[in-house]
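Some notes on the structure that comes next.
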Amino acid sequence: MGKNVVVLGTQWGDEGKGKIVDLLTEKAAAVVRFQGGHNAGHTLVIDGVKTALHLIPSGILRQGVSCIIGNGVVLSIEALLTEMAMLEERGVPVRERLSISQGCPLILPVHIALDQAREKRRGNAKIGTTGRGIGPAYEDKVARRGVRLGDVFQDDFEAKLTELMDYHNFALTGYYGEPSIDVQQTLKETREQAEKIRDMIIDTVGKVHGIREAGGDIMFEGAQGSLLDIDHGTYPYVTSSNTTAGGVATGSGVGPLYLDQIMGITKAYTTRVGAGPFPTELFDDDGKHLAKQGNEFGTTTGRPRRCGWFDAVLVRHSIRINSINAICLTKLDVLDNLKTVKVCTGYQDENGQDVEWPASAEAFEKVTPVYEELPGWQQSTVGAQSLDDLPSEARDYIAYLEKAIGAPIDIVSTGPDRTETIVLQHSFDIK
Numbered sequence: 039m040g041k042n043v044v045v046l047g048t049q050w051g052d053e054g055k056g057k058i059v060d061l062l063t064e065k066a067a068a069v070v071r072f073q074g075g076h077n078a079g080h081t082l083v084i085d086g087v088k089t090a091l092h093l094i095p096s097g098i099l100r101q102g103v104s105c106i107i108g109n110g111v112v113l114s115i116e117a118l119l120t121e122m123a124m125l126e127e128r129g130v131p132v133r134e135r136l137s138i139s140q141g142c143p144l145i146l147p148v149h150i151a152l153d154q155a156r157e158k159r160r161g162n163a164k165i166g167t168t169g170r171g172i173g174p175a176y177e178d179k180v181a182r183r184g185v186r187l188g189d190v191f192q193d194d195f196e197a198k199l200t201e202l203m204d205y206h207n208f209a210l211t212g213y214y215g216e217p218s219i220d221v222q223q224t225l226k227e228t229r230e231q232a233e234k235i236r237d238m239i240i241d242t243v244g245k246v247h248g249i250r251e252a253g254g255d256i257m258f259e260g261a262q263g264s265l266l267d268i269d270h271g272t273y274p275y276v277t278s279s280n281t282t283a284g285g286v287a288t289g290s291g292v293g294p295l296y297l298d299q300i301m302g303i304t305k306a307y308t309t310r311v312g313a314g315p316f317p318t319e320l321f322d323d324d325g326k327h328l329a330k331q332g333n334e335f336g337t338t339t340g341r342p343r344r345c346g347w348f349d350a351v352l353v354r355h356s357i358r359i360n361s362i363n364a365i366c367l368t369k370l371d372v373l374d375n376l377k378t379v380k381v382c383t384g385y386q387d388e389n390g391q392d393v394e395w396p397a398s399a400e401a402f403e404k405v406t407p408v409y410e411e412l413p414g415w416q417q418s419t420v421g422a423q424s425l426d427d428l429p430s431e432a433r434d435y436i437a438y439l440e441k442a443i444g445a446p447i448d449i450v451s452t453g454p455d456r457t458e459t460i461v462l463q464h465s466f467d468i469k
């Protein structure tokens, strides 16, 4: 049997998962997306060429690797076709290597309109969604009224779509005061778009297990981060899917028993996009340094990311809820040239009492981080490929983080290119 490795974020997303998936898939037969939609943004830099992916698994840039969009992904066919065209212009044979689950719930124009109308109505209390219809599409899935990719080719698709859109148009016009979305136009566009990918729609559960049973190694690529999980994140400032390891099983059809390693991708500092609590957020020159050096702007939205010190409390919690047994530390080079760096090792409440984990977003807002200050390093770590290439202070920082979070750091990223990496233990080499 092959080895199954899960790669997911331990913070609030944007940890650098795309690069690591690309790096590790040199030894993989397939890469599977299991949740989220085109709200995800994975940036890869290969030989100096930057590629931003939102739906298609990051393994698409590795020759011969099968890429699979599992049933847990909500699918905008329009966004998928745009991404496919971009890759095909670069000579990537997407249609030969990409498979899509017939069970993917569809994101329709009415979902996008609803998403944006809700954020508009919330005003200053907005959650900070990408406005791409992800949440409303997942709502329809759970309410059992959604339409799935395989439904488009059935005789009753028009009736299903009409019923769904009448329901949402009633809310759009009557409650939000927004224009309705045309049913017939949506029907026509959806059928035309689905026809263009018809040959790629399959039973992905069967394909994944076939690869596994044939001895192929499989990578499961998470989107967003663990603290954005609908159940375990800082609710309600979360996404609408399970971004944690449990989502792998439901979103791909591969049970937990077959998952051999859970790798947590962790930035050497912390970032967050949109609203929600952020105990270690910085508003000073150090925060500006992190944002500038880290180029902290969202891949999907272009919004500036909020930046702060490394939060070991967050990462320890992610390790616990995901059963993470290996860490990849990314963007170490962003901390270059800081005189000191800080690590949050605990929280205290308003009364100075230690808090292991805040019970709600409101409780999160009230905690005060407890910091350990460490010496920085006044030299570049960019492009380092071994620990010996790093200054002693950077090595000490890595060792301190391992102790603070209670998990081994197997990989350290020192730049955006796949070659700018220190690999101490490759996930697919572990016996």
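Residue 39 is where the sequence shown starts when you use this note's numbering, and the numbers rise one by one after that. Don't be surprised by glycine CBs; every beta carbon is placed ideally from N, CA and C.
Local Cβ density within 10 Å of residue i, reported as buried at 16 or more and exposed below that
| i | result |
| --- | --- |
| Glu334 | buried |
| Arg310 | buried |
| Trp395 | exposed |
| Phe191 | exposed |
| Lys380 | buried |
| Asn389 | exposed |
| Pro146 | The question names Pro, but residue 146 in the sequence shown is Leu. Leu146 is buried by the Cβ-count criterion. |
| Asp37 | In the structure as shown, the chain starts at 39 and stops at 469, and residue 37 therefore has no counterpart that could be examined. |
| Arg343 | buried |
| Lys193 | Here residue 193 turns out to be Asp, not Lys, going by the sequence shown. So Asp193 ends up on the exposed side. |
| Lys211 | The residue asked about is misnamed: residue 211 is Thr in this sequence, not Lys. Label assigned to Thr211: exposed. |
| Val87 | exposed |
| Gly293 | exposed |
| Tyr213 | exposed |
| Glu230 | exposed |
| Lys55 | buried |
| Ser264 | buried |
| Phe316 | buried |
| Asp387 | exposed |
| Glu134 | exposed |
| Thr168 | buried |
| Asp267 | buried |
Contact under 7 Å by Cβ, residue i with residue j
| i | j | result |
| --- | --- | --- |
| Ala283 | Asn360 | yes |
| Val405 | Tyr385 | yes |
| Leu202 | Arg456 | no |
| Arg71 | Ile107 | yes |
| Asp374 | Thr419 | yes |
| Leu144 | Val185 | yes |
| Ser279 | Gln73 | yes |
| Ile460 | Asn363 | no |
| Asp371 | Thr308 | no |
| Leu428 | Asp448 | no |
| Leu187 | Gln262 | no |
| Gly97 | Thr63 | yes |
| Asp153 | Gly171 | yes |
| Thr318 | Cys382 | yes |
| Glu121 | Leu93 | yes |
Whole-number beta carbon distance between residue j and residue i, since they are thought to touch under 8 Å
| i | j | result |
| --- | --- | --- |
| Gly75 | Val111 | 6 Å |
| Gly346 | Leu320 | 5 Å |
| Ala67 | Ile240 | Wrong, their Cβ atoms sit about 16 Å apart, outside the cutoff. |
| Glu440 | Pro413 | 17 Å between Cβ atoms; not a contact. |
DSSP bridge partner residues for residue i (one or two, in chain order)
| i | result |
| --- | --- |
| Asn42 | Ile256 |
| Phe335 | Pro342 |
| Gln299 | Val43 |
| Tyr307 | Note: Tyr307 sits in no beta bridge, so no partner. |
| Pro143 | Arg186 |
| Leu82 | Thr89 |
| Gln154 | Beta-bridge pairing links Gln154 to no other residue. |
| Gly74 | Val111 |
| Tyr385 | Val393, Pro407 |
| Glu319 | Gly346 |
| Lys380 | Glu411 |
| Ala364 | Met301 |
| Ser465 | DSSP lists no partner for Ser465. |
| Val69 | Cys105, Met257 |
| Ile359 | Per DSSP, none; premise fails for Ile359. |
What beta strand (DSSP E) runs, 3 residues minimum, are completely inside the stretch 87-127? Runs found: 87-91, 104-107.
Contiguous alpha helix (DSSP H) assignments of at least 4 residues, all confined to the stretch 159-202: For secondary structure counted as the alpha helix (DSSP H) over 4 or more consecutive residues, the stretch 159-202 holds these complete runs in sequence order: 172-180.
Complete runs of the beta strand (DSSP E) confined to the stretch 406-439 [at least 3 residues]: For the stretch 406-439, whole beta strand (DSSP E) runs of length 3 or above, ordered along the chain, are 406-413.
To test your reading of the DSSP string, which unbroken beta strand (DSSP E) runs of 3 or more residues are found completely within the stretch 215-298? Segments of the beta strand (DSSP E) lying fully in the stretch 215-298: 256-259.
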